[in-house]
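Visitor: Each residue of the sequence shown is one higher than the last, beginning at 96 in my numbering.
Built from N, CA and C at the ideal position, the CB exists for glycine as well.
Computed from a predicted structure; not experimentally measured.
Before we start, here is the structure in question, set down as structure tokens.
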Amino acid sequence: MGFTIAIDGPAAAGKGTLSKAVAQHYGFGHLDTGLLYRAVGARMLDGMDPIAAAKALLAEDLAREGLRSPDVAQAASKVAIIPEVRAALVDFQRAYARRAGGAVLDGRDIGTVICPDAEAKLFVTAIPEVRARRRYDEMCAAGVQTDYETVLKDTIERDHRDSTRVDAPLIAAGDAVIIDTSQLDIDAAVAAAISAVDAAHARITP
Ligand code: CDP
Numbered sequence: 096m097g098f099t100i101a102i103d104g105p106a107a108a109g110k111g112t113l114s115k116a117v118a119q120h121y122g123f124g125h126l127d128t129g130l131l132y133r134a135v136g137a138r139m140l141d142g143m144d145p146i147a148a149a150k151a152l153l154a155e156d157l158a159r160e161g162l163r164s165p166d167v168a169q170a171a172s173k174v175a176i177i178p179e180v181r182a183a184l185v186d187f188q189r190a191y192a193r194r195a196g197g198a199v200l201d202g203r204d205i206g207t208v209i210c211p212d213a214e215a216k217l218f219v220t221a222i223p224e225v226r227a228r229r230r231y232d233e234m235c236a237a238g239v240q241t242d243y244e245t246v247l248k249d250t251i252e253r254d255h256r257d258s259t260r261v262d263a264p265l266i267a268a269g270d271a272v273i274i275d276t277s278q279l280d281i282d283a284a285v286a287a288a289i290s291a292v293d294a295a296h297a298r299i300t301p
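So this is what it looks like as structure tokens:
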């Protein structure tokens, strides 16, 4: 039987690292749904119509270089406003969520729209300054030239666009466990996530 763990939250909250660790802990598959929107955003920057790009998305589009760049992140949040883009990506995400052997999906609307019946839901957040600092450190480590103020501005701008869109806005599901990682290191955040998932599992296991 499938078991779905939905992990949502704002930009650079640490969902990626956390989701990978949680998936590894349970032996589940992991889908970074942000990558789908980034791939469509990258196609739009190439000049393609985003709706056509979303409908024709291929596995190799998810492996292309540069999807983690700030320009692609902003493009992703612009195409993510378009209902037809979101609709084109729903079936793939839902099929992945029900894969045998369990799945962790991270994104913005997993617990609210894609998998409202997920067995466990987490909403991972942190104050914008902490998230921007982490993203800035990540970019520096990857050799990207930037400055902290620019990263903070980008983070806040993207959160605002994601939270105020009409279709599937970024918001915690009513039944999600909130994990604020502002004061947590990665090990503590992973431990909090695992204990929340174990508690959800215990609730549904007779
Ligand atoms: O890694 P980071 O948190 O910075 O971003 P991401 O998860 O890769 O998502 C990039 C953008 O895709 C977000 O800013 C959202 O606009 C969009 N997205 C979405 O709308 N719904 C999802 N389930 C995942 C991402």
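#1: The ligand CDP and T128: does any heavy atom of the ligand fall closer than 7 angstroms to the residue's C-beta?
#2: Please report the straight-line C-alpha distance between A328 and A107, rounded to a whole angstrom.
#3: Kindly examine the ligand CDP and report whether one of its heavy atoms sits closer than 7 angstroms to the Cβ of A137.
#4: Does the ligand CDP have even one heavy atom less than 7 angstroms from the beta-carbon of Y231?
#5: Which residue or residues does DSSP assign as beta-bridge partners of D275?
#6: Note down, in chain order, each residue of its chain lying with its Cβ closer than 6 angstroms to the Cβ of R159, except the 5 sequence neighbours on either side.
#7: Report yes if the C-beta of I222 is less than 7 angstroms from at least one heavy atom of the ligand CDP; otherwise report no.
#8: If you measure from the CB of R133, is any heavy atom of the ligand CDP nearer than 7 angstroms?
#9: Please determine, among P211, V174, L131, H120, the residue with the shortest C-alpha to C-alpha distance to I289.
#10: Roughly how far, in whole angstroms, is the beta-carbon of A198 from the beta-carbon of G129, given that I think they are within contact range, below 8 angstroms?
#11: Less than 8 angstroms separating the beta-carbons of D127 and D201?
#12: Applying the 10 Å Cβ sphere with the 16-neighbour rule, what's the burial state of D270?
#13: Taking contact to mean 3 or more Cβ pairs, one atom from each stretch, closer than 8 angstroms, check whether the segment 256 to 274 and the segment 209 to 218 are in contact.
#14: Classify I222 as buried or exposed, calling it buried when 16 or more other Cβ atoms lie within 10 Å of its own Cβ.
#15: Can you tell me the Cα-Cα spacing of I177 and F98, whole angstroms?
#16: Mind checking which residues open and close the alpha helix (DSSP H) that includes A294?
#17: Relative to the C-alpha of K110, which candidate in V246, A284, A192, A291 has its C-alpha closest?
#18: May I ask you to check if the CB of K110 is nearer than 7 angstroms to at least one heavy atom of the ligand CDP?
#19: Between the segment 219 to 236 and the segment 244 to 260, do at least 3 Cβ pairs fall closer than 8 angstroms?
#20: Please state the DSSP three-state secondary structure of A107.
Guide: Per the coordinate set shown:
#1: Taking the sequence shown and counting its residues from 1, one reaches residue 128 at position 33. Yes, Cβ of T128 sits closer than 7 angstroms to a heavy atom of the ligand CDP.
#2: Residue coverage of the chain in this structure runs from 96 to 301, which leaves residue 328 outside it and unanswerable.
#3: As a first step, residue 137 is located in the sequence shown; it is residue number 42 there, counting from the start. For A137, the Cβ stays outside the 7 angstroms cut-off from all heavy atoms of the ligand CDP.
#4: In the sequence shown, counting from the first residue as 1, residue 231 sits at position 136. No, since every heavy atom of the ligand CDP falls outside the 7 angstroms radius drawn around the Cβ of Y231.
#5: On the sequence shown, position 180 is the one that residue 275 refers to. T220.
#6: On the sequence shown, position 64 is the one that residue 159 refers to. Excluding residues within five positions, none has a Cβ falling inside 6 angstroms.
#7: Numbered from 1 along the sequence shown, position 127 holds the residue referred to as residue 222. No, the beta carbon of I222 sits no closer than 7 angstroms to any heavy atom of the ligand CDP.
#8: Walking along the sequence shown from the start, residue 133 turns up at place 38. True, at least one ligand heavy atom lies under 7 angstroms from that Cβ.
#9: For this step, residue 289 is matched to residue 194 along the sequence shown. It is H120 whose Cα lies nearest to the Cα of I289.
#10: Locating residue 198 in the sequence shown gives position 103, where the first residue counts as 1. Locating residue 129 in the sequence shown gives position 34, where the first residue counts as 1. For a cut-off of 8 angstroms, the C-beta gap from A198 to G129 is around 15 angstroms, too long to register as a contact.
#11: If you number the sequence shown from 1, residue 127 lands on position 32. If you number the sequence shown from 1, residue 201 lands on position 106. A contact, by the Cβ cut-off of 8 angstroms.
#12: Mapped onto the sequence shown, residue 270 falls at position 175. The residue in question, D270, is exposed, as its Cβ has fewer than 16 Cβ neighbours within 10 Å.
#13: These segments touch.
#14: Taking the sequence shown and counting its residues from 1, one reaches residue 222 at position 127. Its Cβ having fewer than 16 others within 10 Å, I222 is exposed.
#15: As a working note, residue 177 is residue 82 in the sequence shown. As a working note, residue 98 is residue 3 in the sequence shown. Going by the C-alpha atoms only, they are around 29 angstroms apart.
#16: Reading the sequence shown from its first residue, position 199 is the one you call residue 294. Where A294 is concerned, the enclosing alpha helix (DSSP H) starts and stops at 281 to 299.
#17: Residue numbering aside, residue 110 sits at position 15 when the sequence shown is read from its first letter. Considering only alpha carbons, the answer is A284.
#18: For the purposes of this step, residue 110 is taken as the residue at position 15 of the sequence shown. Yes, the Cβ of K110 comes within 7 angstroms of a heavy atom of the ligand CDP.
#19: Put simply, the segment 219 to 236 touches the segment 244 to 260. At least three CB pairs are less than 8 angstroms apart.
#20: Residue numbering aside, residue 107 sits at position 12 when the sequence shown is read from its first letter. A107 carries a coil assignment under DSSP once its states are collapsed to helix, strand and coil.
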